[in-house]
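A.B. asks:
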Amino acid sequence: MGDGSEGPLQQTCVTCQKRPHAVTNPLDNTGVRTEEESLRSSEEPNASSGSPDNPITDRSHGAWMQGRSKEALIALLSVLSVIFLAIIVWLAVIWHRELQLRASLVPCPKDWIWTNGACYFFSIEKKSWNKSNEFCASHDGTLAIILDQYTLDTIKRYKTIDNSWIGLLRRDGVWLWVNGTLFSGSLLPMAEDVPNLHCAYLNEDKYGILDCASLRNWICIRNSSSSMAELPALG
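Position 110, counted from 1, in the sequence shown is what full-length UniProt numbering calls 110; the numbers after and before it change by one each time, with no gaps.
Put into structure tokens, the structure is as follows:
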């Protein structure tokens, strides 16, 4: 009887032992959700390092852009300065060449007048005949030699002062131009001859004569294409 009553119970227990209990751990679902959330959070951009809405990042980016802008401005100003300096040097070279070209085209000293291949100088100072001729010689010229009507007309056109020394003097009783040419008097006559006066000046319509030590204005002439043999100065 005892065996008969325990049989069904034992079978039931055996069945219970053989059937595994389905145990559900509430942490399992929680753990899965936590892992998925971790994965999702790792895939999301880091707000502190790259989020466009982060004010710290915006300030850093703005400062970087401002720094780059300053560097670009400095570089641009440097390039413009170099270009400006190069232009100044180029203009200086061009101006120097222009001055050289003008000097070669107009071969006259400063304050001289160039016309028809000759240079003329009309003084505003007064010197003796010898000192006047020395001044002209220091500029590769002589006191004015008037051998043709064109030269006479040119001198009359530009001179503003009468009684100016010219390159005409008396040597051994003979009137000569300083280049050795004999005076003919064909263009203008000589004033009344005075034996002890030896140097000539140009008046409006004649040649006058004076003591060579007298102080007068003077007229120089310089030929650009030929050299003139000058007579020695009077002692």
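Note that CB positions come from ideal geometry on N, CA and C, so glycine has one too.
1) Mind checking which residues open and close the beta strand (DSSP E) that includes residue 200?
2) Rounded to the nearest angstrom, what separates residue 258 and residue 94 at their Cα positions?
3) How far does the beta strand (DSSP E) with residue 144 in it reach, from first residue to last?
4) Given the structure, does residue 123 come close to the ligand ZN, in the sense that its CB is under 6 Å from one of the ligand's heavy atoms?
5) Round the Cβ separation of residue 159 and residue 219 to the nearest angstrom and send it over; I've been treating them as touching at under 8 Å.
6) Are any of the Cβ atoms in chain B nearer than 7 Å to that of residue 189?
7) State whether the region 138-153 contacts the region 164-182, with contact taken as three or more CB pairs (one from each stretch) at a distance under 8 Å.
8) Going by alpha carbons, who is nearest to residue 129 out of 222, 221, 217 and 223?
9) Please state the DSSP three-state secondary structure of residue 167.
10) Take the Cβ of residue 174 as the centre, count every other Cβ of all protein chains shown within 10 Å, and call the residue buried at 16 or more, exposed below.
11) Which word fits residue 121, buried or exposed, when buried means at least 16 other C-beta atoms lie within 10 angstroms of its C-beta?
12) How many Å lie between residue 192 and residue 135 at the Cα?
13) With C-beta atoms as the reference, is residue 222 less than 7 Å away from residue 140?
14) Find out if the Cβ-Cβ distance for the pair residue 207, residue 213 is shorter than 7 Å.
C.D. replies: Working from what's here:
1) 199-202 is the extent of the beta strand (DSSP E) around residue 200.
2) Any property of residue 258 remains undetermined from this structure, which presents the chain solely from 1 to 235.
3) Note, residue 144: premise wrong, no beta strand (DSSP E); not H, not E.
4) Among the components modelled here there is no ligand, and therefore nothing to report on the ligand ZN.
5) Contact between residue 159 and residue 219 holds, since their C-beta atoms are separated by about 7 Å, short of 8 Å.
6) Note that chain B does not occur in the displayed structure, where there is just one protein chain.
7) With the cut-off at 8 Å, the region 138-153 and the region 164-182 touch.
8) For the set 222, 221, 217 and 223, the Cα lying nearest the Cα of residue 129 is the one of 217.
9) It is a strand residue.
10) Exposed.
11) The residue in question, residue 121, is buried, as its Cβ has 16 or more Cβ neighbours within 10 Å.
12) In this model, residue 192 and residue 135 are separated by some 28 Å (Cα to Cα).
13) Taking 7 Å as the Cβ cut-off, residue 222 and residue 140 qualify as a contacting pair.
14) With respect to residue 213, residue 207 sits apart: the two C-beta atoms are not nearer than 7 Å.
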